[in-house]
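Taking it in order: structure first as structure tokens, then the write-up.
Protein chains in written order, with the numbering used here: chain C, 1 to 415; chain E, 1 to 347.
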């Protein structure tokens with residue numbers, strides 16, 4: 001159905017269905033958004049994004065200024081410069097590229113520049129590895145970026161459109177990182193329902209600016225010689241702390257803004273994702289919580305276990321920053337056992353990064369599940385349905401014993 | 001240079017074969033030249049440290065060289081190597097890097113290592129694009145070059161790396177290509193003996209990505225040889241007498257289509273005509289003749305020919321460009337530390 005009337009637009013029209021891998025889905029969405037500046041540096045498995053997009057530029061399909069910079073640090077720096085000047089800027093990277101950007105990720109968020117960046121998640125060196133895990137994005141966890149995690153190419157496409165409205169929301173004004181699992185999503189072709197160009201353009205509309213106090217009175221938060229402002233100056237013991245709390249507040253408001261933008265997008269596309277996506281949890285006894293493409297495999301396992309009479313369920317965390325604590329607690333409060341899947345290690349920490357967040361969310365709660373932690377799939381190691389089924393069996397055992405014996409279980413690793 | 005059986009070098013210096021390089025890659029040629037240089041100078045493997053960054057060139061020593069090697073992050077090999085050299089100045093420290101690695105993301109480290117004149121031999125493999133990630137434009141891609149991020153031509157100009165490194169202060173600077181194996185090996189030997197920063201740029205063939213860049217139609221199996229011949233055609237060596245008995249006719253259409261009319265036009269001169277690949281002009285007609293000026297005039301009014309190029313036009317200069325002495329960084333550093341130590345205890 002493809003209605004373009006008052007009711008809006010619900011897209012299940014085959015004319016708008018495309019075969020896209022994750023990277024191409026990013027490139028196509030960004031083509032439709034048509035940001036002013038794209039600056040990027042090649043790194044596997046993100047390269048397809050930049051290659052496709054530079055084709056769009058070269059073919060005159062977008063008016064975007066595309067800069068092939070000399071490093072990822074420069075890529076994000078260029079985006080910061082462009083956004084500070086009032087443009088819309090996009091970049092894409094992965095793993096060590098994101099690590100090299102690390103300094104600039106903090107600058108982008110603290111200058112409150114709603115840059116959008118796609119990260120094709122890849123393991124951090126060393127030893128050198130080009131395949132998927134979440135160590136790169138988890139390393140940027142505390143940089144003040146909104147983090148959206150995608151399960152498939154469709155979600156990638158949709159996130160790349162929603163991200164602009166979320167980041168540029170006048171209550172938010174923060175950069176947004178869209179995470180797609182390297183190779184698993186970035187290089188795997190799937191059917192993706194797209195929106196017509198004009199619908200995307202209308203949805204993302206023009207960039208909105210907040211008003212700040214400039215040298216000559218009220219000014220928009222951008223560099224405009226007519227209404228000058230000073231960006232990024234020295235900020236010591238006197239005000240730095242207050243500015244950081246403004247970022248805290250922006251993150252809190254993002255928790256409200258994201259479902260709001262998402263609902264609007266759903267009315268248009270028929271697809272909404274919200275902050276978390278629970279699947280078969282209402283009567284579930286064993287629930288798995290995780291991020292990214294693994295949750296697609298997990299939903300298959302949940303269905304299979306349900307057929308066998310096991311009360312399994314899952315919760316996919318779509319938005320990891322800001323962390324959707326309240327929704328998660330509400331959803332999982334009455335579940336007896338929860339297993340949290342981490343595809344990254346926080347060396348020396350009692351749990352993986354996602355599990356620590358989940359546990360923190362439940363600390364103040366009277367009713368809380370037993371929480372186990374599975375670390376899996378590092379360096380692109382495949383997490384098969386049977387491994388996930390194995391995790392559910394572990395949760396079963398935990399349930400019958402009534403306690404979690406092992407803080408972390410490493411799944412699919414040699415002894 | 002004594003030439004030994006290839007098997008001898010393999011067994012002595014190479015950990016395992018075959019390499020994972022694409023068929024026809026220039027990296028094997030460079031590995032070969034490097035180990036021959038080590039062998040000729042009788043430098044034992046245990047005195048060699050190879051450091052490399054990210055990209056295809058980084059794989060030349062790691063994992064294939066059977067001595068110590070450190071595979072590091074993108075563009076930073078020189079910084080790691082400087083640390084190793086400062087700590088152990090007896091190490092023959094060799095950095096393998098590429099154009100994207102050494103001149104792109106790591107360009108800053110390159111000029112500063114040269115400025116310090118730290119005793120490191122740097123072999124920069126220049127294939128004029130980011131080969132490993134799929135052939136994106138690099139800071140060495142020729143103006144107008146076709147890459148996956150510049151599908152209709154590169155709008156940027158490339159670095160002249162040897163000039164850059166020379167002006168930054170390196171004490172040995174050379175440029176060769178994978179066609180010039182003998183010269184390259186000799187150059188690596190000179191670099192390994194230079195007390196200071198040595199830089200050798202090697203133009204290298206990348207049959208996987210350069211077919212697009214140079215517009216080489218035809219089978220992929222003939223690409224490596226064609227690119228090598230192209231390197232010979234598009235370069236000249238500093239200090240060697242230049243031949244002046246040929247010209248290039250740059251055709252408006254394909255050279256095959258124009259060949260006949262050029263042949264007819266020049267029939268009075270009995271020239272030898274050949275279709276060749278050229279880095280600056282693409283596929284063009286080479287005219288060998290002793291009567292250069294007359295041929296040039298004669299071709300001027302031929303419609304099919306866009307331009308007549310002199311032998312040197314668009315060519316890249318090879319050779320050794322800098323060979324000088326300047327205080328070496330690690331030596332100076334240790335001298336200062338020793339001097340400070342003497343003063344401290346002498347007072």
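Heads up, the beta-carbon is just placed ideally off N, CA and C, and yes, glycines get one too.
For a test of the three-state rule: what should DSSP assign to residue i, helix, strand or coil?
| i | result |
| --- | --- |
| residue 117 of chain C | strand |
| residue 52 of chain E | strand |
| residue 74 of chain E | coil |
| residue 404 of chain C | coil |
| residue 283 of chain E | strand |
| residue 1 of chain C | No answer about residue 1 of chain C holds up, because its pLDDT of 42 lies below 50 and its placement is not dependable. |
| residue 86 of chain E | helix |
| residue 6 of chain C | Because the pLDDT at residue 6 of chain C is just 46, under 50, the model does not fix this residue reliably, and the value given afterwards should be weighed accordingly. Of the three classes helix, strand and coil, the one that applies to residue 6 of chain C here is coil, per DSSP. |
| residue 16 of chain E | coil |
| residue 226 of chain E | helix |
| residue 215 of chain C | coil |
| residue 251 of chain E | strand |
| residue 270 of chain E | coil |
| residue 102 of chain C | helix |
| residue 338 of chain C | strand |
| residue 180 of chain E | coil |
| residue 17 of chain C | strand |
| residue 347 of chain E | Note on residue 347 of chain E: pLDDT 49, under 50, position unreliable in the model; the coordinate value appears next. Note: residue 347 of chain E maps to coil in three-state DSSP. |
| residue 56 of chain C | helix |
| residue 95 of chain E | strand |
| residue 220 of chain E | helix |
Please state whether the Cβ-Cβ distance between residue i and residue j is less than 8 angstroms.
| i | j | result |
| --- | --- | --- |
| residue 137 of chain E | residue 198 of chain E | no |
| residue 254 of chain C | residue 322 of chain C | yes |
| residue 208 of chain E | residue 100 of chain E | no |
| residue 40 of chain C | residue 92 of chain C | yes |
| residue 247 of chain C | residue 402 of chain C | no |
| residue 315 of chain C | residue 337 of chain C | no |
| residue 179 of chain C | residue 150 of chain C | yes |
| residue 84 of chain E | residue 93 of chain E | yes |
| residue 139 of chain E | residue 103 of chain E | yes |
| residue 77 of chain E | residue 118 of chain E | no |
| residue 369 of chain C | residue 328 of chain C | no |
| residue 168 of chain C | residue 112 of chain C | no |
| residue 212 of chain E | residue 146 of chain E | yes |
| residue 275 of chain C | residue 85 of chain C | no |
| residue 189 of chain C | residue 21 of chain C | yes |
| residue 286 of chain C | residue 395 of chain C | yes |
| residue 81 of chain E | residue 322 of chain E | no |
Buried or exposed: which applies to residue i, given that a residue is buried once 16 or more other Cβ atoms fall within 10 Å of its Cβ?
| i | result |
| --- | --- |
| residue 4 of chain C | The predicted position of residue 4 of chain C is uncertain, since its pLDDT is 47 and thus under 50; a value taken from the coordinates is nonetheless stated next. By the neighbour-count rule (16 or more Cβ atoms within 10 Å), residue 4 of chain C is not buried but exposed. |
| residue 222 of chain E | exposed |
| residue 215 of chain C | exposed |
| residue 177 of chain C | buried |
| residue 103 of chain C | exposed |
| residue 330 of chain C | exposed |
| residue 6 of chain C | Per-residue confidence for residue 6 of chain C stands at a pLDDT of 46, beneath the threshold of 50, marking its modelled position as unreliable; the derived number appears in the next sentence. Answer is exposed; the Cβ neighbour count stays below 16. |
| residue 234 of chain C | exposed |
| residue 192 of chain C | buried |
| residue 142 of chain C | exposed |
| residue 6 of chain E | exposed |
| residue 60 of chain C | exposed |
| residue 75 of chain E | buried |
| residue 267 of chain C | exposed |
| residue 406 of chain C | exposed |
| residue 241 of chain C | exposed |
| residue 371 of chain C | buried |
| residue 334 of chain E | exposed |
Below 8 angstroms on the Cβ atoms is my contact criterion, and I expect residue i with residue j to pass it. Report the Cβ-Cβ distance as a whole number of Å.
| i | j | result |
| --- | --- | --- |
| residue 107 of chain C | residue 80 of chain C | 6 angstroms |
| residue 141 of chain E | residue 158 of chain E | 6 angstroms |
| residue 150 of chain E | residue 43 of chain C | No, residue 150 of chain E and residue 43 of chain C are not in contact; Cβ-Cβ is about 18 angstroms, not under 8 angstroms. |
| residue 233 of chain E | residue 277 of chain E | 7 angstroms |
| residue 134 of chain C | residue 121 of chain C | 5 angstroms |
| residue 9 of chain E | residue 39 of chain E | 7 angstroms |
| residue 107 of chain E | residue 70 of chain C | 6 angstroms |
Are the C-beta of residue i and some C-beta of chain D separated by less than 8 angstroms?
| i | result |
| --- | --- |
| residue 84 of chain C | The question asks about chain D, but that chain is absent: this structure's protein chains are C and E. |
Self-check item: Continuous alpha helix (DSSP H) assignments of at least 4 residues falling wholly in the region 262-300 of chain C
Solution: The region 262-300 of chain C contains no whole alpha helix (DSSP H) run of 4 or more residues.
Exercise. Identify every run of the alpha helix (DSSP H) within the region 112-176 of chain C, keeping only runs that are complete inside it and at least 4 residues long; order them along the chain.
Key: Those alpha helix (DSSP H) runs which fall completely within the region 112-176 of chain C and span 4+ residues are 135-139, 153-168.
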